[in-house]
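Residues 6 to 236, numbered by the working numbering, are exactly what the sequence shown covers, in order. Heads up, the beta-carbon is just placed ideally off N, CA and C, and yes, glycines get one too.
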Amino acid sequence: MKNQYFADQNDYFKYDLLISLAKQLTVKKLSVVWMLTPDDGSHDGGKVTYSRGASDSGLYQFLQKSLHDGTRNVARIDDYFKGAGHDLDYCSYGDSETFCQSDRATYFKGIPKANLDDAVIFLDPDNGLEVQSKGKTNGDKYVKLNEVELIYNKMGKSSILVIYQHLPHVHRKFFLYSTYSKLIEKLKCPMPVSISDNTIAFIILAKDKNRQKEVLQALHEYTRSHLEIYD
């Protein structure tokens, strides 16, 4: 995640979905694990015209005001949750520090256990899960499978883990189901599910099959016509 992406179309989709999941699954927390990388001067994050989604209008208005004010910083979302009136604790980890590739093991081990109990947990790398083409210069844009495993093993039984995934220019189903296979092999988890707008996806993991069924139902309750669910 970069601050330059804050309040763009994908960012709105993210918060809109996470809040909806947290409410439908009746968890107490929305916990975000940031992997914050420096702004790069590109035009990424420029899609700032979008319609309001499933949430109340407050989220949409808050993000649009942030764009208007020129305050694109991920730490600002804390202000929204403080004033939104959601029956939900917002827990943020790493929203004010640049994610350091050389010290990532310490970073992930430092996530408070309390943030992972009875929560929708969101992992927010720039690109998503690690790929073979990942190198030394861009490794900070990807989350490693062993880092996902660490969070998954520490999280509470009622919690779910949501991972941001940019979709490469390959067959969507093939890519996602191949990714699911890697996660199942590593974590011994139930079949993941995801929701996608055909550009990005959010891959969701639960601890048991019953919870995953509840996740799938929540996604069907949330989904709009232009979104696809892969289960």
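Do you know how far the Cα of D83 is from the Cα of E152?
Here residue 152 is taken as the residue at index 147 of the sequence shown, counted from 1. Here residue 83 is taken as the residue at index 78 of the sequence shown, counted from 1. Taking the straight line from one Cα to the other gives about 25 Å.
From the DSSP output, in three-state form, read off A12 for me.
Position 7 of the sequence shown holds residue 12. Coil at A12, not helix or strand.
Sort F113, A89, I205 and K159 by Cα distance to F180 and report the nearest one.
Here residue 180 refers to the residue found at position 175 when the sequence shown is read from its first residue. If we check each option's Cα against that of F180, I205 comes out closest.
Can Y227 and L23 be called in contact, C-beta distance under 8 Å?
Reading the sequence shown from its first residue, position 222 is the one you call residue 227. Reading the sequence shown from its first residue, position 18 is the one you call residue 23. No, they are not a contact pair.
How long is the line joining the alpha carbons of T5 and K193, rounded to whole angstroms?
Any answer about residue 5 is impossible in this case: the structure gives the chain only from 6 up to 236.
For I116, write down the residues that DSSP places opposite it in a beta bridge.
Residue numbering aside, residue 116 sits at position 111 when the sequence shown is read from its first letter. Beta-bridge pairing links I116 to no other residue.
Leaving out five residues before and five after G63 in sequence, what residues of the same chain have Cβ atoms less than 7 Å from its Cβ?
On the sequence shown, position 58 is the one that residue 63 refers to. So the qualifying residues of the chain are A89.
Determine, using beta carbons only, whether Y169 and L210 come nearer to each other than 8 Å.
As a working note, residue 169 is residue 164 in the sequence shown. As a working note, residue 210 is residue 205 in the sequence shown. Going by C-beta atoms, Y169 is not nearer than 8 Å to L210.
Alpha carbon to alpha carbon, how far is D45 from L172? Give it in angstroms, no decimals.
Here residue 172 refers to the residue found at position 167 when the sequence shown is read from its first residue. Here residue 45 refers to the residue found at position 40 when the sequence shown is read from its first residue. Each residue's alpha carbon lies about 20 Å from the other.
When the Cα atoms are used, what is the spatial distance from I1 to D49?
The requested residue 1 does not occur in the structure, where the chain is confined to residues 6 to 236.
How is Y98 classed by DSSP in three states: helix, strand or coil?
As a position in the sequence shown, residue 98 is number 93, starting the count at 1. Y98: strand per DSSP, three-state reduction.
Assign G99 to buried or exposed, taking buried as 16 or more other Cβ atoms, counted over all protein chains shown, within 10 Å of its Cβ.
Residue 99 sits at position 94 when you count from the first residue of the sequence shown. Under this definition G99 is a buried residue.
Inspect the CB distances between the region 101 to 109 and the region 14 to 21 and report whether three or more fall short of 8 Å.
Cβ pair count under 8 Å is below three, so no.
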